[in-house]
Structures are given as C-alpha cells and as structure tokens.
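Take a look at the structure below.
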Amino acid sequence: MNHKKKQIIEAAQSLFIKKGFTSTSIQDILDVASISKGTFYNHFTSKNECLIELLQLIREEIVYERKLLATSKEASDKTVFIKQIAVRFHIDKKHNLLALFSSLPTPSTEDDELHIYINTQYLQEIVWIADRLTSIYGEFIKKHAFDYAVSFLGNLHFTSKVMYDVKPRALNVETIINFSISQLDKIIHTHSDDKPILFQTEYFHPYLEKPEGSLKEFKLEMKQILKSLEQQIDHTNEPKAKHFIDFLYEELETEESRMFLLESVIQSLIHAVEGTDNERNARHLLTLLSYMEMEKQT
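Residue numbering for the sequence shown follows our numbering, starting at 517 and increasing by one per position.
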C-alpha cells in the first residue's frame with residue numbers, strides 16, 4: 517500500500533471512531549489527512565469504499581494472526597481454536613470496531629455495498645468456525661457443522677454481552693470462549709446423525725472463500741509482489757528482507773514448491789518489514805500461499 521492511501525485510511529479511521537461514520541464528511545478526511553480531493557478520488561470512489569478497504573485490512577490482520585497461531589499445531593487442538601477466536605475480539609477492540617459499527621446508518625437499499633460487505637464477512641466467519649469445529653471434533657459432525665457454528669457463535673456473543681452488562685471489569689475473553697466451548701461440548705456429546713439440520717451446507721456456498729486462479733497464476737502474482745518489495749525495501753534498515761525475498765523467489769521457481777518452507781520464510785519476511793508500508797504486501801503473500809494450498813487440494 518502506498519503512503520498516501522495509508523494516510524487516507526488512518527485519517528478516516530480516526531474520524532469514523534471520533535465523529536461517527538455518518539457525521540464524517542470526505543472534506544473532514546481531506547483536512548485530517550492533509551490531502552487534496554483529487555488525491556482521495558485517485559484511491560477511493562466514495563467514503564463507503566474507504567471504510568471497506570479499512571475493514572479488509574483488519575480482516576487480513578485477523579487471518580494472519582490466526583494462521584500464525586496454527587503454525588506447526590494440530591488442526592484438532594482446541595486451545596489453538598480458543599486463541600484464534602480471541603484474536604477477533606482483541607483486534608476488534610484494538611481498532612475500536614464496536615464504536616465504528618454503532619455509528620453506521622441502516623441500509624438504505626438491499627444492494628448497499630457497505631452492508632453487503634459487512635454481512636458477507638460475518639457469514640464467512642461462520643463458514644470458518646464450521647470448518648474449524650469439524651477439524652476439532654471430527655468428520656462425523658460435518659453435516660451439522662453450521663448448526664454447531666451458529667450455536668457456538670450465538671452463545672459466545674450473548675454471554676459476552678450479558679457479562680459486559682452485569683460485570684464489565686470481570687470480562688475475560690478467553691474465559692468466555694472456554695465457557696461457550698464447554699457448552700458446545702455438551703451438545704456434541706449427544707450428537708446423532710438423525711438430528712434435524714437447520715442450517716444446510718448449501719446455504720453457505722456463496723460465502724465459501726474460493727480463490728479464482730490457478731496454481732501457476734498464484735505463483736506469478738507472488739513473484740510480482742516479491743519484485744515490487746525488492747524495489748521498495750530499505751536495504752540498509754531491512755537487510756534480512758532481501759535474503760528472504762531471494763529465497764522465496766527461488767523456491768517459487770521450482771516445480772514442487774515446498775509449502776511449509778514458503779510459509780516459514782514469508783512469516784520471517786513479514787516480521788522483517790513490520791511497521792513499514794511494505795507489510796501489507798508481505799502479508800498478502802501468505803494469503804496467496806493459502807490459495808495455492810487450496811488449489812493443490814482440489
């Protein structure tokens with residue numbers, strides 16, 4: 517992400533939280549970011565699009581942190597899932613999303629792009645939880661996985677709200693997630709294939725994250741990002757980054773790229789450029805790698 521775009525998003529985020537999304541004008545964003553109207557419209561067509569970009573950045577942060585937690589761990593490890601769920605709570609709090617969402621207007625039309633995006637993210641979270649629950653409890657729950665995901669998420673959100681209302685200082689995210697998991701354990705303990713299914717798998721097909729592209733195309737995009745990073749990094753302040761980029765490029769050139777090595781080195785690269793304008797591009801490499809893994813499994 518270039519410096520100007522980052523500047524706009526940061527200004528917009530601070531204003532959306534301080535003044536509310538509806539009360540913030542594009543002129544307010546221009547003033548805080550110290551940019552011209554033309555610069556804003558070079559990057560965004562509207563205030564809605566600016567917020568969508570901000571939410572996408574936050575989502576990528578969540579995906580990255582969750583993937584980091586799962587590295588070298590068994591997919592069935594329940595403690596990893598608890599930490600992964602907690603990631604969303606912590607990152608939402610970090611970015612003050614509750615205040616931001618509470619200031620959003622109600623949808624004016626059924627095709628309101630902002631609300632469609634937010635709703636899609638929410639439903640994709642249910643898809644992710646259903647998949648993780650299947651990994652934890654086993655394939656035998658797969659037909660009912662969305663029922664269990666909705667039950668878990670509903671319990672988690674309502675328990676969090678009630679705890680916040682009655683004793684906010686006692687609110688501990690991990691404790692509440694553990695409680696919700698223990699409730700789900702009891703439900704799954706009585707699991708039977710004969711149980712009726714409310715949320716059919718096909719209901720969520722539109723929200724499955726199916727990357728468009730081939731293995732070759734994902735590799736090509738990763739190489740293009742690496743070339744861009746090589747041109748932009750400060751070799752004096754980020755000497756290790758060049759080494760990581762060279763290794764990744766060479767590994768991607770091989771016929772059978774070693775996924776576990778690519779993941780490890782990409783994470784090292786992300787740490788090397790952390791806090792710079794190159795961090796988002798480096799993180800996107802991890803997203804592309806997950807697309808490559810999906811493509812290999814099909």
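Beta carbons are placed, not taken as given, at the ideal position from N, Cα and C, and that holds for glycine. For clarity, every value in this text was computed on a predicted model and none was experimentally measured.
Starting from the C-beta of residue 605, find all residues in its chain whose C-beta is less than 6 angstroms away, skip the five residues before and the five after it, and write them out in chain order. 689
For residue 615, collect the residues of the same chain with a Cβ closer than 8 angstroms to its Cβ; drop the 5 residues on either side in sequence, then sort them by chain order. 533
What are the uninterrupted segments assigned as alpha helix (DSSP H) that are 4 or more residues long and contained completely in the segment 683-767, given in chain order? 689-705 and 731-748
Please report the Cβ distance between residue 778 and residue 805, rounded to the nearest whole angstrom; I am assuming they are in contact, meaning their Cβ atoms lie under 8 angstroms. 6 angstroms
Please classify residue 670: does DSSP put it in a helix, a strand, or coil? helix
Alpha helix (DSSP H) containing residue 648: first to last residue? 629-653
Roughly how many angstroms separate the alpha carbons of residue 634 and residue 619, rounded to a whole number? 14 angstroms
Please state the DSSP three-state secondary structure of residue 568. helix
Taking 8 angstroms as the cut-off, decide whether the C-beta atoms of residue 669 and residue 645 are in contact. yes
Touching by the beta-carbon criterion (3+ pairs, under 8 angstroms), the segment 549-568 and the segment 525-541: yes
Whole angstroms are fine: how far does the CA of residue 687 sit from the CA of residue 622? 29 angstroms
Cβ of residue 743 within 7 angstroms of any heavy atom in the ligand MN? What this structure holds is no ligand at all, so the ligand MN is not there to describe.
Would you check if the segment 697-717 and the segment 751-765 touch, i.e. whether three or more CB-CB distances between them fall below 8 angstroms? no
Check whether the Cβ atoms of residue 693 and residue 601 lie closer than 8 angstroms to each other. yes
Since residue 597 and residue 662 are thought to touch, with beta carbons under 8 angstroms apart, how far apart are those beta carbons, to the nearest angstrom? So it is not a contact: roughly 16 angstroms between Cβ atoms.
CB-CB under 7 angstroms to residue 799, same chain, minus the five flanking residues each way: which ones, in chain order? 576, 580 and 786
I need the DSSP call for residue 588, collapsed to helix, strand or coil. coil
Leaving out five residues before and five after residue 784 in sequence, what residues of the same chain have Cβ atoms less than 6 angstroms from its Cβ? 760
To which residues of the same chain is residue 555 closer than 7 angstroms at the C-beta, ignoring the five residues directly before and after it? 520
Tell me whether residue 734 is buried or exposed, calling it buried when 16 or more other Cβ atoms sit within 10 Å of its Cβ. buried
Determine the extent of the alpha helix (DSSP H) in which residue 530 is found, giving its start and end residues. 519-535
Do residue 745 and residue 808 have their CB atoms nearer than 8 angstroms? no
Can you tell me where the alpha helix (DSSP H) holding residue 605 begins and where it ends? 594-610
How is residue 811 classed by DSSP in three states: helix, strand or coil? helix
Going by DSSP in three states, residue 582 sits in which element: helix, strand or coil? helix
Is residue 538 helix, strand or coil when you go by DSSP? coil
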